[in-house]
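Protein chains in written order, with our numbering: chain A, 1 to 163; chain R, 164 to 566.
Notes follow the structure.
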Amino acid sequence: MKPKPNPIVRRALQCAALAAAVFAFSGASDPSARFSELGHQLMCICSCGQILLECNHVGCPDSDMMRNELMAAVGRGDSDSLVEQAFVQKYGPTVLAAPTTTGFDRTAWIMPFVALLAGCGILVYIVRSWRNRPAPALADGITPVRGPELDQFREQAEKETDV
Amino acid sequence: MFASFWLAILGTFLTRSGIISSVHAFAQSSIGPWFAWFLAITFAVFVFFFALNHKHLRSEHKLEAIVSRESSFMFNNLLFCALCFTVLWGTWFPKISEWVQGNKVTVNAPFYNRVAIPVALLLIILTAIGPLLAWRKTSFESLRRNFKWPTVGAVIAAVFLMITPPSWGGAFGLRPWVDISYFYSLMAISLAVMVTLTIASEFYRGGRVISEKSGQGMFASMVQLTHRNTRRYGGYIVHFGVAVVLIGLAGSAFNQDKEQEMAYGDKMAIGPYTLVCRSYTSDEFPNYEAEWAVLDVYKDGRQIDQLTPERRFYKASQQTSTMPYIRSSLKEDLYVVYEGLNPDNGHPILKAHLNPLVMWIWLGVWIIIGGTILALVPNAPAPVVVPVPARRLEHAAPVPAGD
């Protein structure tokens, strides 16, 4: 018979899952938070190469106008994608601070993690091949210490050095 | 080594040739093809020498266990390589997108924040775990025993930062559910605490062993421990410096700025500070014309400072330059810029930035420099007690310590 999970543990796991879901799916709802979030996803187009809300270009000819447009769009209650589309139509795709998650732009997001996974695979291969290597030959008269005796020496070293 | 050199030259080529738009792409000239040929030739030379010497370059190491310091170094290098690839990929992607889709895209901070920060956090976890791993093989029991207190400390730090009120300023009141950047900041600070406690425990445990054997005080034992193996303990101090820098970087989630036109007596509130405009004026000097404002800084209703941000116009070069005024403390930097005069009413426009924990970045850099210098100091010879005949003692020489 399958053992029944502890109800307290089950309830705790349910609460944790709910909290994680709320955290994951909650978005900025008040206008100032939305303005800040969207303003950090857009670029200033004055060629300063800075995020719109972080443009510290003294006397910037564009950032004030763009911020006002963003503020107006947020005030109207436009959705995030509508605001971004409006900016892309007016200023071109380079106004978005990061590639989108559609079409070829997806590769921008995927490739670093593919590279990391491939690196992990190579590393596991190297570790396995290094573990399977034969032990280096010892000089005559020296017998290698292995098994329980080696573990005993290790334990002793750990106790004496506390490492 | 080859890759580091080649990528450094590639970076210079990308910006100076104008392939990637950059502030460094100032010199539009025919240097691009020369650079490209240089890169091709150096690549060919690298491949040739690698092929020639690959037998000598082959490692002869044997790895005993996956949970060991050797493997932690390998994972550490893997994460650095992943970060390097992320930067290379992010730098090239606008160009690749132009070739494939026909239009450029921007790859800026939001991309790196989402892709590189998780990898960087893994790297910090390894920084904390690495010193706790023994060479060749580590038992899980030993890892659990050594990892317990740093983990408890990191959790306490995280909970403390979450429950404190945001009005305390700095990194207090970090609610990770409010914004993802707060979550990253909280993780970064907690992991920095974990790294710090790990390093402290390394010094403490090593010092205790020497103290028990020699009867010296704990501090003297830790100094002796460090002097016996300066590379190892200097390295730990460098790690501690990185943890301090990390705390400083985590403060960027709370950056604030405000721009305001200020007439006499006008006030600007930013964070815990209130700036009051006392006066503004202009003057002419032999080399430049200057405009500046005098601002009183109040905190908790008490004047604590007076700032004079300035803007200069240099006559010879016809260039304008701002002289911002910075008030630094361990908690935050108040940075005030004089932007210019409103032409309609002649009032100055001032911009104030409040950047928390910036001083920690500088402090961390100094600790890193100190640790590096310490690591360059030669090791002190370890006292060795060897039972030898009394008549041979006069010839006994000290044995230098190893790593």
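Using N, Cα and C, we set each Cβ at its ideal position, and we do this for glycine too.
Just so it is clear, the structure is predicted and the values come from calculations on it, not from any experiment.
Scanning its chain for C-beta atoms nearer than 7 Å, with the 5 sequence neighbours on each side dropped, one finds around P329(R) the residues F335 and G336, in chain order. DSSP lists Y488(R) and A515(R) as the beta-bridge partner residues of V499(R). In terms of Cβ geometry, S445(R) and A453(R) form a close pair [threshold 8 Å]. Around P61(A), the same chain offers C46 as residues with beta carbons nearer than 8 Å, after the five sequence neighbours per side are excluded. Measuring C-alpha to C-alpha distances from R76(A) to each of E149(A), P31(A) and Q152(A) identifies P31(A) as the nearest. For the pair P511(R) and A432(R), the CB atoms are not nearer than the 8 Å cut-off.
Residue H402(R) holds the alpha-carbon nearest to the alpha-carbon of A355(R) among L497(R), H402(R) and F213(R).
The stretch 376-391 of chain R and the stretch 310-317 of chain R do not touch, with fewer than 3 CB-CB distances between them shorter than 8 Å. For R154(A), the closest C-alpha among the options S305(R), I536(R), S193(R) and N508(R) is that of S305(R). DSSP lists L438(R) as the beta-bridge partner residues of M431(R). Contact annotation: the stretch 312-321 of chain R touches the stretch 345-363 of chain R, with at least three C-beta pairs closer than 8 Å.
When beta bridges are read from the DSSP output, T361(R) appears opposite no residue.
Contact annotation: G533(R) and I410(R) have beta-carbon atoms that are not nearer than 8 Å.
Chain-ordered, the chain R residues with CB closer than 7 Å to the CB of G119(A) read L241, C244 and A245. Residue burial is scored here from C-beta neighbours: C440(R) has at least 16 other C-beta atoms within 10 angstroms and is therefore classed as buried. Along the stretch 376-403 of chain R, none of the residues has a CB nearer than 9 Å to a CB of chain A. Among the residues facing chain R, I45(A) is not included, as its CB has no counterpart in that chain under 8 Å away.
Residues of chain R with a Cβ closer than 9 Å to the Cβ of D105(A) are, in chain order, F256, S260, Q264 and V268. Distance from the CA of T269(R) to the CA of L493(R), rounded to the nearest whole angstrom, comes to 35 Å. Taking one beta carbon from each stretch, the stretch 245-254 of chain R and the stretch 113-120 of chain A have 3 or more pairs nearer than 8 Å; the two touch. Across the structure, S480(R) and W340(R) are spaced so that their CA atoms are roughly 51 Å apart. Apart from the 5 residues on each side of it in sequence, I183(R) sits with its Cβ closer than 6 Å to the Cβ of L177 in its chain, given in chain order. The straight-line gap separating the alpha-carbon atoms of P541(R) and V358(R) is approximately 26 Å. About 4 Å separates the beta carbon of P519(R) from that of E495(R), a gap short enough to meet the 8 Å contact definition.
Put simply, the backbone Cα of V263(R) is about 22 Å away from that of Y275(R). Nearest neighbour of E424(R) by Cα position, chosen from V500(R), L470(R) and S484(R), turns out to be V500(R). Burial state of G103(A) is exposed, judged by a 10 Å Cβ sphere holding fewer than 16 other Cβ atoms. Taking 9 Å as the cut-off between beta carbons, the residues of the stretch 80-100 of chain A near chain R are G92, P93, T94, V95, L96, A97, A98, P99 and T100, in sequence order. Around the beta carbon of R391(R), 16 or more other beta carbons sit within 10 angstroms, so the residue counts as buried.
Pairing D80(A) with R34(A), the inter-Cα distance amounts to about 8 Å.
Closest in alpha carbon position to M522(R), among Y498(R), F323(R), V230(R) and T254(R), is Y498(R). Under the 10 Å beta carbon count, M164(R) is surrounded by fewer than 16 other beta carbons and is classified as exposed. Looking only at G398(R), R232(R) and I373(R), the smallest Cα-Cα distance to Q387(R) is reached by I373(R).
Rounded to whole angstroms, the Cβ separation of V282(R) and V408(R) is 17 Å, and the two are not in contact under 8 Å.
For D342(R), the secondary structure class from DSSP, reduced to helix, strand or coil, is coil. Judged by DSSP in its simplified three-state form, Q482(R) adopts strand.
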